[in-house]
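**Q** In numbering that gives the first Met the number 0, the protein residues as written are 0 to 101.
Note that beta-carbon positions come from the ideal geometry of N, C-alpha and C, so glycine has one too.
None of these values were measured; they are calculated from a predicted model.
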Amino acid sequence: MQQNYEWNNTTSAAKVLEVRGLTKREREVLMWIMQGKTNGEIGNILGISIHTASKHIEHVFLKLGVHSRIQAYNKVLELSRKDHGQGYGLVYGTVHQRAEVA
0 MQQNYEWNNT TSAAKVLEVR GLTKREREVL MWIMQGKTNG EIGNILGISI
50 HTASKHIEHV FLKLGVHSRI QAYNKVLELS RKDHGQGYGL VYGTVHQRAE
100 VA
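1. Which stretch, first to last residue, makes up the alpha helix (DSSP H) that contains Gly42?
2. What is the DSSP secondary structure of Ser53, counted as helix, strand or coil?
3. Taking the C-alpha atoms as reference points, what is the distance between Asn38 and Arg80?
4. Decide if Glu27 is buried, meaning its Cβ has at least 16 other Cβ atoms within 10 Å, or exposed.
5. My assumption, with CB atoms under 8 Å, is that Arg68 sits in contact with Ile32. Please give the rounded CB distance.
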């Protein structure tokens with residue numbers, strides 16, 4: 000059984016990031032960035048190469064207009080606050096686990 004983690008699609012964060020043009024995979028990578036995972040760890044979790052993970056991260060940074068993981072983290076909080084007046088529940092309260100049967 001492979002476990003996938005993703006944004007809860009009912010949250011403002013998922014909607015804001017989708018509007019910003021992030022694909023589902025890029026939102027997934029961003030979620031792992033916000034959890035402090037390295038490129039290698041993200042690749043292992045998602046079953047992709049470190050090169051592919053790095054390219055997804057590059058696209059996330061470009062779409063968010065940032066240059067670092069910290070800036071990406073802060074940008075998501077900022078966008079969430081602008082959308083709904085809050086943001087801190089975003090990181091720790093809106094990620095859920097979904098198990099898929101292989």
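**A** Well, looking at it:
1. 38–45
2. helix
3. 27 Å
4. buried
5. 5 Å
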